[in-house]
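Enquirer: Chains as they are written, first to last, in the numbering used here: chain C, 2 to 413; chain E, 5 to 452.
#1: Pick helix, strand or coil for residue 290 of chain E, following the three-state DSSP scheme.
#2: When Cβ atoms are compared, which residues of the region 161 to 192 of chain E fall closer than 7 Å to chain C?
#3: Rounded to whole angstroms, how far is the Cβ of residue 121 of chain E from the Cβ of residue 115 of chain E, which I believe are closer than 8 Å?
#4: Which first and last residues belong to the alpha helix (DSSP H) in which residue 305 of chain E is found?
#5: Would you mind working out which of E:253, E:58, E:424 and E:420 sits nearest residue 17 of chain C, comparing C-alpha positions?
#6: Take the Cβ of residue 397 of chain C as the centre, count every other Cβ of all protein chains shown within 10 Å, and call the residue buried at 16 or more, exposed below.
#7: Name the residue from C:229, C:30, C:190 and C:110 whose alpha carbon lies nearest to the alpha carbon of residue 203 of chain C.
#8: Does the structure place the region 297 to 315 of chain C close enough to the region 159 to 173 of chain C that three or more beta carbon pairs sit under 8 Å?
#9: My output table needs one value for residue 411 of chain E: the three-state DSSP class, helix, strand or coil.
#10: When you compare the CB of residue 381 of chain C with every CB in chain E, is at least one pair closer than 7 Å?
#11: Sort C:162, C:119, C:267 and C:57 by Cα distance to residue 39 of chain C and report the nearest one.
#12: Taking 8 Å as the cut-off, does the region 299 to 310 of chain C touch the region 318 to 338 of chain C (at least 3 CB pairs, one atom from each stretch)?
#13: Under a three-way DSSP split, which group does residue 168 of chain E fall into?
#14: Hey, is residue 92 of chain C's beta-carbon within less than 7 Å of any beta-carbon in chain E?
#15: Could you give the distance in angstroms between the alpha-carbon of residue 230 of chain E and the alpha-carbon of residue 159 of chain E?
#16: Just how far apart, CA to CA, sit residue 112 of chain E and residue 47 of chain E?
#17: Determine the direct distance from the alpha carbon of residue 168 of chain C to that of residue 283 of chain C, and round the result to whole angstroms.
#18: Roughly how many angstroms lie between the CA atoms of residue 201 of chain C and residue 277 of chain E, to the nearest whole one?
#19: State the start and end residues of the unbroken alpha helix (DSSP H) segment that holds residue 236 of chain E.
#20: Determine the chain E residues that contact residue 301 of chain C at a beta-carbon separation under 9 Å, and present them in chain order.
#21: Just to make sure I have the definition right: I need the residues of chain E whose C-beta is within less than 8 Å of the C-beta of residue 447 of chain C. Which are they?
#22: Work out the CA separation of residue 137 of chain C and residue 207 of chain E for me, nearest whole Å.
#23: Against chain E, which members of the region 65 to 76 of chain C pass a CB distance test of less than 9 Å?
#24: I want to see whether chain C comes within less than 7 Å of residue 258 of chain E, judged by CB atoms only; does it?
#25: Of all the residues that make up the region 217 to 233 of chain C, which are near chain E by a beta-carbon distance shorter than 9 Å?
#26: Tell me which residues of the region 362 to 396 of chain C have at least one Cβ-Cβ distance to chain E shorter than 9 Å, keeping chain order.
#27: Let me know the secondary structure DSSP gives residue 329 of chain E once reduced to three states.
#28: If we cut at 7 Å on Cβ distances, does residue 85 of chain E have a partner in chain C?
#29: Is there a Cβ from chain C that is less than 7 Å from the Cβ of residue 227 of chain E?
#30: Closest by CA to residue 306 of chain C, which one among C:88, C:63, C:61 and C:122?
#31: Taking all protein chains shown into account, decide if residue 176 of chain C is buried (16 or more other Cβ within 10 angstroms of its Cβ) or exposed.
#32: By DSSP's criteria, residue 72 of chain E is part of a beta bridge. Which residues make up the other side?
#33: Nearest CA to the CA of residue 227 of chain C: which residue from C:10, C:22 and C:49?
#34: How about residue 46 of chain C and residue 254 of chain C: do their beta carbons lie closer than 7 Å?
#35: For residue 310 of chain C, go through chain E and note every residue whose CB falls closer than 9 Å to its CB, in chain order.
#36: Closer than 8 Å, Cβ to Cβ, to anything on chain C: give me those residues from the region 236 to 260 of chain E, in chain order.
Listed below in structure tokens is the structure:
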């Protein structure tokens, strides 16, 4: 009886702490992510599923450090970078972050436009409506209400799991290919692998996660629940990614269909897996795009205002935090406007977004490593030696992958 | 401090020499033989009367293996935007891996780019630059710069941005917008690693003069470590002031950091209605523990108050009021009022009760002062005083107070025994919350 009671007490605490980790991870499966996973599934079948195991580990380790820094110092990542590394570094980092997130936001609106076409609605109608909705949500909401909307949006990712089951996957092959890594030394395969890793671990995530844990005001004694939040988030997001790959591998790869975008994938699914699978896939894309179009500008505004020392907060009004809301509004406006230009080319936008992410990520990870090991800031909560070892390996791998991605983005 | 007073007198006659700390940072440092030994990294200051004065220089050399040396201010021959020249030679410098000045305030570590409290505008701000005043050989912190222009200066774009702005609008507000805040209004938030408190330079920091509600707002803008450290550094009066003006979440975090002694000291000084508001949200074990720490008489009252529902008259009332037996003379009542000490400020109403505490009537200070001092107090009572019961709803209380234009209304139990009073501010905060939830017209700036 007592055990049961303490179980419920713990569950309640977890529910109150839950949010930042799960939301951050889920935004990861945005329009760009879904495209990458669809293409990966359609072109390589189950051959890339094994990579999600190391990705989960890396994601947990990186995001856990953010969460820990937030709880221990009570400051956002941009705050800490400004205070420890000075204004110059912060300024340039924020500049690149703005640039990278503008391009990411454009690709989210591209996702909205694509799903509009899938549902047979004009993109000139749906994109402005979504842009207004996203803007209204943050400007009129408070942190608590916004977080609730986000958590509901996370639930809708279940569509992909359902559509995965609808495509009647072959579980035996999936299990065996996820345990035994099959590595091909073929250019397309390696690029695909980098793409999958690159979309799953992006620099805005660290900023967003840390700020939202701070905003939520999670206390040190509840930190273990916050860590659980991160771990669950990392698992959920990757499981959904795996299901997207499964759907595409099962149908498109099996029939040898080549695709370029998530929209192609959805259209190709219709005759192969049926109407419901198609609608679920398309709805999932819309949900993910709107959700991420909300978080990316928000995360940018947060980080930049933190770093520059401007007033921040979902809980404040436009007048109290003018820079925060202007930045947020401008990014959404740019994102939506560019997609509405007739005949706009999306491939270069995707490439620039990948390249800026690639430049920023190594720096952010190195800053994080230095900050999290700073005794003055973290006290006894610095990384253990083993943890540092793992982190350094992850950082090295990420740097190499980012560099490859960065250069290929321009060479291609 | 001799240097300081001399400097201050000179300052009036001599031309003022202001320099931004950003202009000094990273400039080269030469020893007495003009050999370069490193670059300016940080300046250590020591407290002086109002404006702290420079006491030492930290120089840095090497990359990526940075090493630091501290130099006493008297060993510096000259320091300006071209760099520094030392009176000592290279061999006398001791370089270390770290520069760990535990106690002093240093500009780069503690002020520049950090958050500080602006006690003039009642805000938490981030420092973009520091303006120093050259006096004699020393530097004094004069202002902190929080403008965007200061930000560009740090980035090295000040001149080019100025040029562009001037090109488009020579009278732009940006060009004259200095936004310098005098150091005397700045409270740094450096946490002393040993005592875990923040050093508050009384009296000039004026934290005590900020209205309680603003102080609470400033407090909520700080991160949790600063909140705790600042709280611990305040005196009891300010602690009480802040504690009753912050949200429950922050109250709890602070509570966890306090030992039993601090806790009982604080809670003994918080008005009963505020204390119950806070205690009823805590888990029951914690409430019990806290009640056990508080003075016996007070804790009994609190636990009684805690028994009432939050939105009933019993939950709203405070048990601090002035009541006299009906036979008391006006003279002796007034004498006793003069000697009363109250935690909250009960409005100027006095209640009249019989020997078994039954409510009879009310009067106010004005009527008492005008009354004949020898008469019993009951003669100066209002003809009729309305009251509410412990279980009356917020709506009933508000309705009665509005109808009879009361600032305070007494609360009695089923036997008509006086239990407490409800003041208009308690009812107002309830009503505002109620109205806002219903109307949603006004955005609740609720800091979660």
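Cβ atoms here follow ideal geometry from the backbone N, Cα and C, with glycine treated the same way.
Only a predicted model underlies this, so the values are computations on that prediction, with no experimental measurement involved.
Expert: Working from what's here:
#1: Counting from one through the second chain, the residue named residue 290 of chain E turns up at place 286. Assignment of residue 290 of chain E by DSSP, reduced to helix, strand and coil, places it in the helix class.
#2: Answer set for the region 161 to 192 of chain E: empty.
#3: What you label residue 121 of chain E is simply residue 117 of the second chain in a count that begins at 1. What you label residue 115 of chain E is simply residue 111 of the second chain in a count that begins at 1. Contact flag wrong, Cβ pair sits at about 12 Å.
#4: As a first step, residue 305 of chain E is located in the second chain; it is residue number 301 there, counting from the start. Bounds of the alpha helix (DSSP H) holding residue 305 of chain E are 300 to 310.
#5: Residue mapping note: residue 17 of chain C aligns to position 16 of the first chain, counting from 1. Of E:253, E:58, E:424 and E:420, the residue nearest in Cα terms is E:253.
#6: Within the first chain, the letter at position 396 stands for residue 397 of chain C. With fewer than 16 other Cβ atoms inside 10 Å of its own Cβ, residue 397 of chain C counts as exposed.
#7: Position 202 of the first chain holds residue 203 of chain C. Selected option, being the one with the closest Cα: C:30.
#8: No: the two stretches stay apart, fewer than three of their Cβ pairs being nearer than 8 Å.
#9: Sequence index remark: in the second chain, residue 411 of chain E carries index 407 (1-based). Residue 411 of chain E carries a coil assignment under DSSP once its states are collapsed to helix, strand and coil.
#10: For the purposes of this step, residue 381 of chain C is taken as residue 380 along the first chain, with counting starting at 1. So, not an interface residue.
#11: Reading the first chain from its first residue, position 38 is the one you call residue 39 of chain C. Out of C:162, C:119, C:267 and C:57, the CA that lies nearest to the CA of residue 39 of chain C is found in C:267.
#12: Three or more beta-carbon pairs separated by less than 8 Å link the region 318 to 338 of chain C to the region 299 to 310 of chain C, which places the two stretches in contact.
#13: Taking the second chain and counting its residues from 1, one reaches residue 168 of chain E at position 164. Residue 168 of chain E falls in the helix class under three-state DSSP.
#14: Position 91 of the first chain holds residue 92 of chain C. Chain E places a beta carbon closer than 7 Å to that of residue 92 of chain C, counting this residue as a contact.
#15: Position 226 of the second chain, counted from the start, is the residue given in the question as residue 230 of chain E. Position 155 of the second chain, counted from the start, is the residue given in the question as residue 159 of chain E. Distance between the alpha carbons of residue 230 of chain E and residue 159 of chain E: 28 Å.
#16: Within the second chain, the letter at position 108 stands for residue 112 of chain E. Within the second chain, the letter at position 43 stands for residue 47 of chain E. Residue 112 of chain E and residue 47 of chain E: Cα-Cα distance of roughly 7 Å.
#17: To locate residue 283 of chain C, count along the first chain from 1; it is residue 282. To locate residue 168 of chain C, count along the first chain from 1; it is residue 167. Straight-line Cα distance between these residues: approximately 15 Å.
#18: Here residue 201 of chain C refers to the residue found at position 200 when the first chain is read from its first residue. Here residue 277 of chain E refers to the residue found at position 273 when the second chain is read from its first residue. Taking the straight line from one Cα to the other gives about 51 Å.
#19: Sequence index remark: in the second chain, residue 236 of chain E carries index 232 (1-based). Counting along the chain, the alpha helix (DSSP H) containing residue 236 of chain E begins and ends at 228 to 237.
#20: Against the first chain, residue 301 of chain C aligns to sequence position 300. Simply none; closest approach about 18 Å.
#21: Absent from the structure is residue 447 of chain C, since the part of chain C shown begins at 2 and ends at 413.
#22: The sequence position of residue 207 of chain E within the second chain is 203, counting from 1. The sequence position of residue 137 of chain C within the first chain is 136, counting from 1. Because the pLDDT of residue 207 of chain E is 46, which lies under 50, any placement of that residue in the model is unreliable, and the number read from its coordinates should be weighed accordingly. For the pair residue 207 of chain E and residue 137 of chain C, the Cα-to-Cα distance works out to about 46 Å.
#23: Per Cβ criterion, the list reads 72, 73, 74, 75 and 76.
#24: Here residue 258 of chain E refers to the residue found at position 254 of the second chain. Judged by the 7 Å Cβ criterion, residue 258 of chain E is not in contact with chain C.
#25: Taking 9 Å as the Cβ-Cβ cut-off against chain E, the residues of the region 217 to 233 of chain C that qualify are 217, 218, 220, 221 and 222.
#26: Those residues of the region 362 to 396 of chain C that come within reach of chain E (Cβ to Cβ, closer than 9 Å) are 377.
#27: For the purposes of this step, residue 329 of chain E is identified with residue 325 of the second chain, where counting begins at 1. In this structure, residue 329 of chain E counts as strand in the three-state DSSP scheme.
#28: Indexing the second chain from 1 puts residue 85 of chain E at position 81. Look at residue 85 of chain E: its C-beta is not under 7 Å from any C-beta on chain C.
#29: The residue given as residue 227 of chain E occupies position 223 in the second chain. Residue 227 of chain E counts as touching chain C.
#30: Locating residue 306 of chain C in the first chain gives position 305, where the first residue counts as 1. Out of C:88, C:63, C:61 and C:122, C:88 has the C-alpha closest to the C-alpha of residue 306 of chain C.
#31: Sequence index remark: in the first chain, residue 176 of chain C carries index 175 (1-based). Residue 176 of chain C comes out exposed.
#32: As a working mapping, residue 72 of chain E is identified with position 68 in the second chain. Residue 72 of chain E pairs with E:64 and E:100.
#33: As a first step, residue 227 of chain C is located in the first chain; it is residue number 226 there, counting from the start. For residue 227 of chain C, the closest alpha carbon among the candidates C:10, C:22 and C:49 is that of C:22.
#34: Here residue 46 of chain C corresponds to residue number 45 of the first chain, with the count starting at 1. Here residue 254 of chain C corresponds to residue number 253 of the first chain, with the count starting at 1. Yes, they are a contact pair.
#35: For the purposes of this step, residue 310 of chain C is taken as the residue at position 309 of the first chain. Within chain E, the residues near residue 310 of chain C are 117, 119, 129, 130, 131, 132, 150 and 155.
#36: Of all residues in the region 236 to 260 of chain E, only 253, 254, 256, 257 and 260 place a beta-carbon less than 8 Å from a beta-carbon of chain C.
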